[in-house]
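Residues -15 to -1, 1 to 136 (mature numbering (1 follows the signal peptide of the UniProt record, and there is no 0)) make up the sequence shown, in order.
C-beta: ideal position from N, C-alpha, C; glycine also.
Everything numeric in this text was worked out from a predicted model, so none of it was measured.
Beneath this line is the structure, given in structure tokens, with notes to follow.
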Amino acid sequence: MAGFFVFLLSLPVSANNSIHFTDTWARATFPMAETGAVYTTLMNHSQQPLTLVSVSVPEAVAASAEIHSITMSEGMMKMRELENGIELKPHGHAMLQPGGQHIMLVGLKEGLEPGTSFTLTLHFNDGSQQLLEVPVQDDSGDNDAMGKHHH
């Protein structure tokens, strides 16, 4: 029976090879920051719609990760969690960018420093998961990660 459990532990995470990412980065924070933001462009190269339903983050980085959107309401910017996730139409894309949809890191264990990186796990409605390496950049707009392709 123990061999069966070892086998289960050795199974790879179900990756979705039809999802690709570009322009992935996290905004650097000050040392005592409690939240951080991650941006990327997700591209669905499949024939089927997919929905990014949740994101997980290592406990060493933050307590949790949430999918958020910023909207303008009555002249004020409001952030809200997208509880239904982000839908990606067949051969479509979604841009997670400053001032719009993004991944919010909640309960940072320490500030995000430029030049470091961490990994997120993106969970999709078909049960697949995708690892995303996230470089931390300052907010100068001169991101080395911009234009780099990941999948």
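Alpha carbon to alpha carbon, how far is residue i from residue j?
| i | j | result |
| --- | --- | --- |
| residue 80 | residue 62 | 18 Å |
| residue 57 | residue 26 | 22 Å |
| residue 100 | residue 16 | 14 Å |
| residue 111 | residue 69 | 14 Å |
| residue 76 | residue 35 | 10 Å |
| residue 22 | residue 33 | 28 Å |
| residue 131 | residue 10 | Residue confidence for residue 131 is low, a pLDDT of 42 falling below 50, so the modelled location carries little weight; the figure read from the coordinates is stated next. For residue 131 and residue 10, the distance between alpha carbons rounds to 8 Å. |
| residue 65 | residue 115 | 24 Å |
| residue 122 | residue 92 | 19 Å |
| residue 40 | residue 118 | 13 Å |
Kindly indicate the opening and closing residues of the beta strand (DSSP E) around residue i.
| i | result |
| --- | --- |
| residue 107 | 102 to 109 |
Buried or exposed, going by whether 16 or more other CB atoms sit within 10 Å of the CB of residue i?
| i | result |
| --- | --- |
| residue 2 | exposed |
| residue 12 | buried |
| residue 28 | buried |
What does residue i pair with, by DSSP beta-bridge criteria?
| i | result |
| --- | --- |
| residue 21 | 90 |
| residue 116 | 106 |
| residue 53 | 66, 87 |
| residue 122 | 12 |
Would you grab the beta carbon distance between residue i and residue j for me? Rounded to a whole angstrom, and I think it's under 8 Å.
| i | j | result |
| --- | --- | --- |
| residue 54 | residue 67 | 5 Å |
| residue 45 | residue 90 | That pair is no contact at about 12 Å. |
| residue 105 | residue 42 | 6 Å |
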